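All residue numbers for the sequence shown refer to my numbering, where the first residue is 52 and numbers rise by one.
Positions of the beta carbon are idealized from the N, C-alpha and C atoms, including for glycine.
Here the structure is a predicted model, which is why all the values come from computation and not from measurement.
Each remark here refers to the structure printed beneath this line.
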Amino acid sequence: TKSISKCYVQVTGMTCASCVANIERNLRREDGIHSILVALMAGKAEVRYNPAVIHPSAIAELIRELGFGATVMENCGEGDGILDLVVRGMASASCVHRIESTLMKTNGVLYCSVALATNKAHIKYDPEMIGPRDVIQVIKDLGFTTTLVKKDRSASHLDHKREIRQWRRSFFVSLAFCIPVMVMMIYMMVMDSQLSDAHAHHNMSNEEMEAIHSSMLLERQLLPGLSVMNFLSFLLCVPVQMFGGWHFYIQAYKALKHKTANMDVLIVLATSIAFVYSFVILLVAMAEKAKVNPVTFFDTPPMLLAFISLGRWLEHVAKGKTSEALARLISLQATEATIVTLGPDNILLSEEQVDVELVQRGDIVKVVPGGKFPVDGRVIEGHSMVDESLITVESMPVTKKPGNTVIAGSINQNGSLLISATHVGADTTLSQIVKLVEEAQTSKAPIQQFADKLSGYFVPFIVVVSVVTLFAWIIIGFVDFEIIEKYFLGYNKSISAAEVIIRFAFQASITVLCIACPCSLGLA
């Protein structure tokens with residue numbers, strides 16, 4: 052027999068089954084090409100050829116002449132079949148050696164590894180020469196029992212329900228406390244602007260202004276140094292910081308443990324520092340019995356956490372939608388197949404039910420009316436109408452007669468068909484779609500990767516900037532105290548200049564942290 056080699060060609064530009072048929076039909080006519088099999092979703096052609104007559108580059112050129120893009124794939128391991136089995140009855144390492152050596156001698160088995168501890172066998176084989184049932188039979192003949200390792204068909208790993216619940220709860224907790232804080236803030240801003248207008252028109256003195264200011268309801272002092280506004284803001288901020296920010300704290304801790312800084316670290320840093328600083332300032336003001344209420348940042352954590360929780364919630368809802376669609380796709384796969392043995396003149400000799408993972412390329416599969424096609428294949432006998440709407444979204448059934456191709460997961464309607472399996476296991480159209488969607492879900496968008504990379508530099512940069520701000524203002528204050536007096540209005544004249552400078556420097560550096568934290572980059 053003349054030597055037959057196999058190559059894989061990546062084909063681009065195929066849009067439907069007729070493109071596949073066109074490539075297969077035209078290449079089969081060429082000299083030196085033994086057989087060709089094209090997978091539409093994977094965009095891959097498997098060609099068996101005679102290397103004495105034709106080369107892979109010439110095969111790719113033939114496909115290009117038909118108007119498609121084609122490149123020869125270097126790593127030919129792509130088409131290997133992989134089989135994972137549970138093997139029972141092994142007693143010692145000699146059993147393992149017996150199974151491995153027998154399988155490696157078997158024609159078509161490329162690699163085999165058996166683990167005694169877990170009773171598992173991992174086998175790679177060439178689907179052209181041998182199939183999973185043959186491999187299982189070889190192991191059975193040695194006196195061991197085998198079963199397939201069951202694959203998880205439920206797509207439970209794609210379930211986002213828990214995260215959706217978690218972020219929704221986080222958002223509503225933050226929102227419930229964020230709204231009153233915002234209302235108070237807007238009220239204060241409106242009152243302040245009215246006061247400054249009055250100040251401009253009526254030439255009031257600063258003392259009169261402060262008297263009116265402190266008589267306002269929210270600015271009234273419950274205790275010396277503690278205004279109604281600050282007290283309420285503090286009460287509203289605590290639960291948000293504890294419950295709304297809980298997940299951020301966990302994520303930030305994990306990131307810091309691995310010596311990385313992500314957006315969560317920045318959010319935690321800003322909200323915690325704003326909260327702790329405001330709390331300390333309040334305690335200091337109360338200890339000093341200050342007449343003027345200190346400027347606090349209790350409004351930052353609730354608003355920030357509400358916005359970011361909303362973003363995370365929406366992100367997981369979107370992911371959940373894709374996952375639902377994927378779970379539905381996975382559920383469309385058939386779990387069993389009826390394999391038949393044909394005698395001369397296509398007479399049925401026997402039929403058996405096997406797990407869909409055990410169907411081999413070239414098997415004859417019988418599909419009864421109302422049954423699902425377990426694998427992609429070509430009709431060899433029978434006429435029927437087939438509902439292919441899961442792949443093509445075409446609601447009208449498609450007529451199938453000998454020679455036509457069928458897609459795994461589509462539903463046979465009125466006639467019984469015998470098909471020859473062409474794509475099995477992970478190569479079926481449905482498996483390829485599932486794989487593509489899974490890959491799209493697990494990979495990040497390029498812009499997202501870029502943002503993550505940036506925030507790795509951004510977080511330390513902001514921390515450095517705020518520390519620089521702190522020391523810069525301390526130095527400026529000690530060199531020229533008048534500048535501080537100009538910007539730090541209403542400080543208590545009874546406290547020392549050094550304390551005023553340090554307070555103002557802290558306020559400036561915290562402001563940098565709070566404002567840079569939710570930066571549009573992170574929110575987006």
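In angstroms, rounded to a whole number, what distance separates the CA positions of Val457 and Gln61? Here residue 457 refers to the residue found at position 406 when the sequence shown is read from its first residue. Here residue 61 refers to the residue found at position 10 when the sequence shown is read from its first residue. Those two C-alpha atoms are separated by around 22 Å.
What are the start and end residues of the beta strand (DSSP E) that includes Leu134? One-based indexing of the sequence shown puts residue 134 at position 83. Start and end: 132–139.
Anyone know if the C-beta pair for Lys175 and Leu134 falls short of 9 Å? On the sequence shown, residue 175 is found 124 positions in, with the first residue counted as 1. On the sequence shown, residue 134 is found 83 positions in, with the first residue counted as 1. A contact, by the Cβ cut-off of 9 Å.
Put Ile230 into one of helix, strand or coil per three-state DSSP. Walking along the sequence shown from the start, residue 230 turns up at place 179. In this structure, Ile230 counts as helix in the three-state DSSP scheme.
Tell me the start and end of each unbroken alpha helix (DSSP H) in the segment 140–227 that is at least 4 residues and wholly inside, in chain order. 144–156, 183–192
Tell me the rounded alpha-carbon separation between Gly182 and Arg412. Here residue 182 refers to the residue found at position 131 when the sequence shown is read from its first residue. Here residue 412 refers to the residue found at position 361 when the sequence shown is read from its first residue. Roughly 7 Å separates the two Cα atoms.
Comparing alpha-carbon positions, which option in Asp177, Val241, Met233, Pro448 lies nearest Arg99? Residue mapping note: residue 99 aligns to position 48 of the sequence shown, counting from 1. Among Asp177, Val241, Met233, Pro448, the Cα nearest to that of Arg99 is on Asp177.
So, at 8 Å on beta carbons, what are the nonlocal neighbours of Cys70 in its own chain, with the 5 sequence-adjacent residues on each side left out? Position 19 of the sequence shown, counted from the first residue, corresponds to residue 70. Correct list, in chain order: Gly64, Leu91, Phe119.
Just checking my contact of Cys58 with Val123 at CB under 8 Å: how many whole Å lie between their CB atoms? Counted from its first residue, the sequence shown places residue 58 at position 7. Counted from its first residue, the sequence shown places residue 123 at position 72. The Cβ separation is near 6 Å, so the contact holds.
Taking contact to mean at least 3 C-beta pairs separated by less than 8 Å, is the segment 412–422 in contact with the segment 139–148? no
Which residue or residues does DSSP assign as beta-bridge partners of His474? In the sequence shown, the residue the question calls residue 474 occupies position 423. According to DSSP, which records beta bridges pairwise, His474 is partnered with Asp427.
Taking contact to mean 3 or more Cβ pairs, one atom from each stretch, closer than 8 Å, check whether the segment 349–362 and the segment 378–391 are in contact. no
Touching or not, the segment 216–229 and the segment 290–300, by the rule of three or more beta carbon pairs under 8 Å? yes
Less than 9 Å between the beta carbons of Ala166 and Ile190, yes or no? Along the sequence shown, one-based indexing puts residue 166 at 115. Along the sequence shown, one-based indexing puts residue 190 at 139. Contact: no.
Taking one C-beta from the segment 266–282 and one from the segment 386–403 each time, how about it: are there three or more such pairs within less than 8 Å? no
With Ala369 and Pro275 assumed to form a contact (beta carbons below 8 Å), what rounded beta-carbon distance in angstroms separates them? Counted from its first residue, the sequence shown places residue 369 at position 318. Counted from its first residue, the sequence shown places residue 275 at position 224. Not confirmed; about 51 Å, so no contact.
Can you find at least 3 beta carbon pairs, one from the segment 354–369 and one from the segment 215–222, that sit closer than 8 Å? yes
To the nearest whole angstrom, what separates the beta carbons of Ile87 and Glu75, a pair I think is in contact under 8 Å? Here residue 87 corresponds to residue number 36 of the sequence shown, with the count starting at 1. Here residue 75 corresponds to residue number 24 of the sequence shown, with the count starting at 1. Between Glu75 and Ile87 the Cβ distance is about 5 Å, and since that is below 8 Å, they are a contact.
Go ahead and pull the three-state DSSP assignment for Ser56. Numbered from its first residue, the sequence shown carries residue 56 at position 5. Strand.
From this set, Leu409, Asp414, Glu408, Val407, which residue's C-alpha is nearest Ser401's C-alpha? Within the sequence shown, residue 401 is the residue found at index 350, counting from 1. The shortest Cα separation from Ser401 among Leu409, Asp414, Glu408, Val407 belongs to Asp414.
Going straight from the alpha carbon of Ser247 to that of Ile237, what length do you get? To locate residue 247, count along the sequence shown from 1; it is residue 196. To locate residue 237, count along the sequence shown from 1; it is residue 186. Roughly 15 Å separates the two Cα atoms.
C-alpha distance - Leu317 paired with Leu334, whole-angstrom precision: Counted from its first residue, the sequence shown places residue 317 at position 266. Counted from its first residue, the sequence shown places residue 334 at position 283. Leu317 and Leu334: Cα-Cα distance of roughly 26 Å.
Enclosing alpha helix (DSSP H) for Asp315 [first to last residue]: Here residue 315 refers to the residue found at position 264 when the sequence shown is read from its first residue. Element bounds for Asp315: 314–339.
Contacting residues, own chain, Cβ-Cβ under 7 Å from Pro453 (five flanking each side not counted): What you label residue 453 is simply residue 402 of the sequence shown in a count that begins at 1. Closer than 7 Å at the Cβ level, and outside the excluded window around Pro453, lie Val430, Ile431, Glu432.
To the nearest angstrom, how far is it from the Cα of Ser284 to the Cα of Ala559? On the sequence shown, residue 284 is found 233 positions in, with the first residue counted as 1. On the sequence shown, residue 559 is found 508 positions in, with the first residue counted as 1. Cα-Cα distance, rounded: 21 Å.
Whole-angstrom Cβ separation of Ala103 and Ile114, contact assumed at under 8 Å? Start at 1 with the first residue of the sequence shown, and residue 103 comes out as number 52. Start at 1 with the first residue of the sequence shown, and residue 114 comes out as number 63. Not confirmed; about 21 Å, so no contact.
Between the beta-carbon of Ile215 and the beta-carbon of Ile561, is there less than 9 Å? In the sequence shown, counting from the first residue as 1, residue 215 sits at position 164. In the sequence shown, counting from the first residue as 1, residue 561 sits at position 510. No.
For Leu320 versus Leu564, is the C-beta distance shorter than 9 Å? Numbered from its first residue, the sequence shown carries residue 320 at position 269. Numbered from its first residue, the sequence shown carries residue 564 at position 513. Taking 9 Å as the Cβ cut-off, Leu320 and Leu564 qualify as a contacting pair.
Looking only at its own chain, which residues have a Cβ that is under 7 Å from the Cβ of Ile239, when we skip the five neighbours before and after it? The count along the sequence shown starts at 1 and reaches residue 239 at position 188. This sequence places Met at residue 239; Ile is not what is there. These residues qualify, in order along the chain: Leu269, Met280.
DSSP-derived helix/strand/coil call for Gln245: Mapped onto the sequence shown, residue 245 falls at position 194. Gln245: helix per DSSP, three-state reduction.
Who are the near neighbours of Glu445 in its chain, counting only those whose CB is closer than 7 Å to its CB and skipping five residues on each side? Start at 1 with the first residue of the sequence shown, and residue 445 comes out as number 394. Closer than 7 Å at the Cβ level, and outside the excluded window around Glu445, lie Glu439.
Report the residue from Glu112, Gln483, Ile527, Gly466 whose alpha carbon sits nearest the alpha carbon of Ile442. As a first step, residue 442 is located in the sequence shown; it is residue number 391 there, counting from the start. Of the listed residues, the one whose Cα sits closest to Ile442 is Gln483.
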